[in-house]
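Before any comments, here is the structure.
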Amino acid sequence: MAENNSDGQWLSFIIADECYVHDVTYIKSIVLYDVPQEVPGAIDGMEGILNVRGEAISIFSGRRVLGIPAGEPNDQWRIILFDYPGGSFGIIVDAVDSLVNFSERDIDRNSQQSESELIQGTIHFDQRLMIVLDCGKACVRWLNE
């Protein structure tokens, strides 16, 4: 069971009724969902480009990136904006939940999950199972393909 400590701050969010968390280190901001401008020939999972405060940001579907069927946009949808050294991008999520604090040491990393660039493991926190994501490697690689 994870302890509630301040070793790391994580943003929890929902995609298709599952709870995910991502380290806040590279999260720039969270914005309301807006339909991205489609880009012809874009890679699978990329929804398009969105102008955010004068900056063109590539937007990925959290559902498509994780292999989950598409959903219908609603008022709860948000775009989490990331700023990694290799590039900036956004991920569409069904809802943003909260900020949680736990230590990276508490993440359960098993061999099956470690094969994925996105899924880093799971954490039991506050009586919930959360899937730990690291969107950086995969999304930055996709941006540079």
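Count along the sequence shown from 1, add 57, and you get the number used in the working numbering. All C-beta atoms, glycine included, are put in the ideal place defined by N, C-alpha and C. From a predicted model like this one, the values you see are computed outputs, not experimental measurements.
**Which listed residue (M103, S86, V88 and I87) has its alpha carbon closest to that of Q94** = Position 37 of the sequence shown, counting from 1, holds the residue named residue 94. Checked all of M103, S86, V88 and I87; the closest Cα to Q94 is M103.
**Message:** To test your reading of the DSSP string, which unbroken alpha helix (DSSP H) runs of 4 or more residues are found completely within the region 78-154?
**Reply:** With a minimum length of 4 residues, the continuous alpha helix (DSSP H) runs that stay inside the region 78-154 are 119-122.
**Request:** Please say whether M187 and V109 have beta carbons closer to each other than 8 Å?
**Result:** As a working mapping, residue 109 is identified with position 52 in the sequence shown. As a working mapping, residue 187 is identified with position 130 in the sequence shown. Not a contact, by the Cβ cut-off of 8 Å.
**Asked** In whole angstroms, what is the alpha-carbon distance linking V92 and Y141?
**Response** In the sequence shown, the residue the question calls residue 92 occupies position 35. In the sequence shown, the residue the question calls residue 141 occupies position 84. Computed Cα separation, rounded: 23 Å.
**Asked** Thinking just about the alpha-carbon of each residue, which of S115, V189, H181 and D165 is nearest to the one in W199?
**Response** What you label residue 199 is simply residue 142 of the sequence shown in a count that begins at 1. With distances taken between Cα atoms, W199 lies closest to S115.
**Prompt:** Taking C-alpha atoms, which residue in R185, Q177, A152 and V197 lies nearest to F70?
**Reply:** By one-based count along the sequence shown, residue 70 stands at place 13. Ranking R185, Q177, A152 and V197 by CA distance to the CA of F70 puts A152 first.
**Item:** Segment limits, beta strand (DSSP E) that includes F182
**Value:** Your numbering for residue 182 matches position 125 in the sequence shown. Counted as a single uninterrupted DSSP element, the beta strand (DSSP E) harbouring F182 occupies residues I176 to F182.
**Item:** Continuous beta strand (DSSP E) stretch holding I164: start and end
**Value:** Residue 164 sits at position 107 when you count from the first residue of the sequence shown. Here I164 belongs to no beta strand (DSSP E), and DSSP marks it neither H nor E.
**Message:** Would V88 and L68 qualify as a contact pair, given that the criterion is a beta-carbon distance under 8 Å?
**Reply:** Here residue 88 corresponds to residue number 31 of the sequence shown, with the count starting at 1. Here residue 68 corresponds to residue number 11 of the sequence shown, with the count starting at 1. No, Cβ-Cβ distance for V88 and L68 is not below 8 Å.
**Item:** Distance CB(V150)-CB(F182) smaller than 8 Å
**Value:** As a working mapping, residue 150 is identified with position 93 in the sequence shown. As a working mapping, residue 182 is identified with position 125 in the sequence shown. No; because the gap between Cβ atoms is not below 8 Å, this pair is not in contact.
**Prompt:** Are D165 and I176 close, meaning C-beta to C-beta below 8 Å?
**Reply:** Taking the sequence shown and counting its residues from 1, the one referred to as residue 165 is at position 108. Taking the sequence shown and counting its residues from 1, the one referred to as residue 176 is at position 119. In this structure, I176 does not lie closer than 8 Å to D165 by Cβ.
**Prompt:** Hey, how far is the Cα of Q184 from the Cα of G111?
**Reply:** Counting from one through the sequence shown, the residue named residue 184 turns up at place 127. Counting from one through the sequence shown, the residue named residue 111 turns up at place 54. Rounded to whole angstroms, the gap between the alpha carbons of Q184 and G111 is 41 Å.
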